[in-house]
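> The structure's right below; bear with me while I get my questions together.
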Ligand SMILES: Cc1ncc(C[n+]2csc(CCOP(=O)(O)OP(=O)(O)O)c2C)c(N)n1
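In the working numbering, the protein residues as written are 102 to 429.
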């Protein structure tokens, strides 16, 4: 697991925003739980990487983005796309490889993209979403001042050259780019201590003069740090590297039993639940009641069931459409 981050400042948010964040996190959790079941039943082709336990960062960052802002994501990208507002029915259809998916069922989980929501794409190549988001940030700077791009990636991706090239150019050109590293302490089956010198990803930004913030897996602390980064970026102040110290609950992909990891470490990771702790805090502060939480959960479960039904009834892509939408 990643080492702990020091506690950081929290914003003062009204009940509406707090519930919105809670709903967003719970929705990601329930979708990922459903996808795990559906994948295990053999209905989803390819690989599936879930972000259970890492719901705070997508919710906190994306809830402050506009539809026209851009998000570049990863193989573990469902949460980012959902928090950025993609339609759940078409999302589900894409994962099941059906023709009503955003990418007509051709991308599946690992290349999911929805340009209408600024989701530039998940990416099976580790680190590849980072320069893509930088390109979008450059386009934003030139054509749409005030617009920003966010790149989500893991600690493993920070060993890729593209990460440093992006830090270099983003700093030089003061790009409106937020680099969000969800440091869950693992790159596939390799712990951070083995693949990376040093404890903190933020230290890697120092030679480039890029602003940094490192926060724990707490939705409000992430919200605060991301808010400052977004403000800087929208005002032309350049990029920020935001590190969120989280933990991966499950294996690298669904089906990876993580035998390389002690069960105690997994239990510790799961005990630090960003959703459960946020829910407890909201209840303590009397922002959320048990009945309200149950109601939100039921609404989400109904939305997921409807989306799954839509996906299952969507036809698979036709073989004769294989060459459509390609540059040839
Ligand atoms: C360029 C490249 N190298 C290696 C891989 C194999 N691979 C897939 S995911 C992964 C680990 C990624 O770790 P991290 O960036 O920390 O993201 P996480 O899975 O923890 O979310 C690796 C090495 C790949 N897909 N692309």
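We put the beta carbon where it would ideally sit given N, CA and C, even for glycine.
Using alpha carbons as the reference points, say which of 362, 346 and 314 lies closest to residue 155.
The sequence position of residue 155 within the chain shown is 54, counting from 1. Nearest C-alpha to residue 155: 346.
> Anyone know if the C-beta pair for residue 181 and residue 253 falls short of 8 Å?
Along the chain shown, one-based indexing puts residue 181 at 80. Along the chain shown, one-based indexing puts residue 253 at 152. In this structure, residue 253 lies closer than 8 Å to residue 181 by Cβ.
> May I ask whether a heavy atom of ligand 1 can be found less than 7 Å away from the beta carbon of residue 226?
Within the chain shown, the letter at position 125 stands for residue 226. Yes, since a heavy atom of ligand 1 falls inside the 7 Å radius drawn around the Cβ of residue 226.
> Quick check: the segment 243 to 258 against the segment 324 to 338, are at least 3 beta-carbon pairs closer than 8 Å?
yes
> Which same chain residues, not among the five before or five after residue 420, have their C-beta less than 8 Å away from its C-beta?
Position 319 of the chain shown, counting from 1, holds the residue named residue 420. So no residue of the chain qualifies.
> Give me the Cα-Cα distance between residue 240 and residue 216, rounded to the nearest whole angstrom.
Sequence index remark: in the chain shown, residue 240 carries index 139 (1-based). Sequence index remark: in the chain shown, residue 216 carries index 115 (1-based). Going from the Cα of residue 240 to the Cα of residue 216 covers about 14 Å.
> Checking the sheet assignment: what are the DSSP bridge partners for residue 282?
Position 181 of the chain shown, counted from the start, is the residue given in the question as residue 282. Partner(s): 254 and 344.
> To the nearest whole angstrom, what separates the beta carbons of residue 223 and residue 178, a pair I think is in contact under 8 Å?
Taking the first residue of the chain shown as 1, we reach residue 223 at position 122. Taking the first residue of the chain shown as 1, we reach residue 178 at position 77. Correct: roughly 4 Å between the Cβ atoms.
> Roughly how far, in whole angstroms, is the beta-carbon of residue 94 from the beta-carbon of residue 103, given that I think they are within contact range, below 8 Å?
Because the chain in this structure spans residues 102 to 429, residue 94 falls outside the shown range and cannot be described.
> Tell whether a beta-carbon distance below 8 Å holds between residue 380 and residue 284.
Start at 1 with the first residue of the chain shown, and residue 380 comes out as number 279. Start at 1 with the first residue of the chain shown, and residue 284 comes out as number 183. Contact flag unset, no.
> In its own chain, which residues sit with a C-beta less than 7 Å from the C-beta of residue 269, not counting the 5 before and 5 after it?
Counting from one through the chain shown, the residue named residue 269 turns up at place 168. Closer than 7 Å at the Cβ level, and outside the excluded window around residue 269, lie 309.
> Apply the 10 Å Cβ neighbour rule to residue 390 and answer buried if 16 or more other Cβ atoms are within range, or exposed otherwise.
As a first step, residue 390 is located in the chain shown; it is residue number 289 there, counting from the start. Result: exposed.
> Please state if the CB of residue 342 and the CB of residue 306 are separated by a distance shorter than 8 Å.
As a working note, residue 306 is residue 205 in the chain shown. As a working note, residue 342 is residue 241 in the chain shown. Result yes, Cβ atoms of residue 306 and residue 342 sit closer than 8 Å.
> For the alpha helix (DSSP H) containing residue 232, name the first residue and the last one.
Taking the first residue of the chain shown as 1, we reach residue 232 at position 131. Taken as a continuous stretch (DSSP letters only), the alpha helix (DSSP H) holding residue 232 covers 230 to 244.
> So residue 430 and residue 153 are in contact, right, with Cβ under 8 Å, and what is the actual spacing, rounded?
Absent from the structure is residue 430, since the part of the chain shown begins at 102 and ends at 429.
> Please report the straight-line C-alpha distance between residue 234 and residue 211, rounded to a whole angstrom.
Position 133 of the chain shown, counting from 1, holds the residue named residue 234. Position 110 of the chain shown, counting from 1, holds the residue named residue 211. Their Cα atoms are separated by approximately 16 Å.
> Should residue 410 go down as buried or exposed, given a rule of 16 or more other Cβ atoms within 10 Å for buried?
For the purposes of this step, residue 410 is taken as the residue at position 309 of the chain shown. With fewer than 16 other Cβ atoms inside 10 Å of its own Cβ, residue 410 counts as exposed.
> Give me, in chain order, the residues of the same chain whose beta-carbon lies closer than 7 Å to that of residue 227; leave out the 5 immediate sequence neighbours on both sides.
Locating residue 227 in the chain shown gives position 126, where the first residue counts as 1. Correct list, in chain order: 257, 258 and 261.
> If you count every other CB in all the chains shown that lies within 10 Å of the CB of residue 206, and 16 or more means buried, which is it?
Reading the chain shown from its first residue, position 105 is the one you call residue 206. With 16 or more Cβ atoms within 10 Å of its Cβ, residue 206 is classed as buried.
> Helix, strand or coil, according to DSSP, for residue 303 in the structure here?
Taking the chain shown and counting its residues from 1, the one referred to as residue 303 is at position 202. Residue state, collapsed to three classes: helix.
> Can you find a heavy atom of ligand 1 that lies under 7 Å from the Cβ of residue 191?
Position 90 of the chain shown holds residue 191. No, the beta carbon of residue 191 sits no closer than 7 Å to any heavy atom of ligand 1.
> Which ranges would you report for the beta strand (DSSP E) in the segment 164 to 224 if only whole runs of at least 3 residues count?
171 to 173 and 220 to 222
> Compare the Cα-Cα distances from residue 304 to each of 325, 292, 282 and 324 and report the closest residue.
Mapped onto the chain shown, residue 304 falls at position 203. For residue 304, the nearest C-alpha among the options comes from 282.
> Could you check where the alpha helix (DSSP H) with residue 369 kicks off and where it finishes?
As a working note, residue 369 is residue 268 in the chain shown. Run containing residue 369: 364 to 372, per the alpha helix (DSSP H) assignment.
> Looking at the structure shown, is residue 267 part of a helix, part of a strand, or coil, going by DSSP?
Walking along the chain shown from the start, residue 267 turns up at place 166. Note: residue 267 maps to helix in three-state DSSP.
> With a CB to CB cut of under 7 Å and the five nearest residues on each side skipped, what residues in its chain are close to residue 416?
The residue you call residue 416 lines up with position 315 of the chain shown. Answer for residue 416: 199 and 200, listed in chain order.
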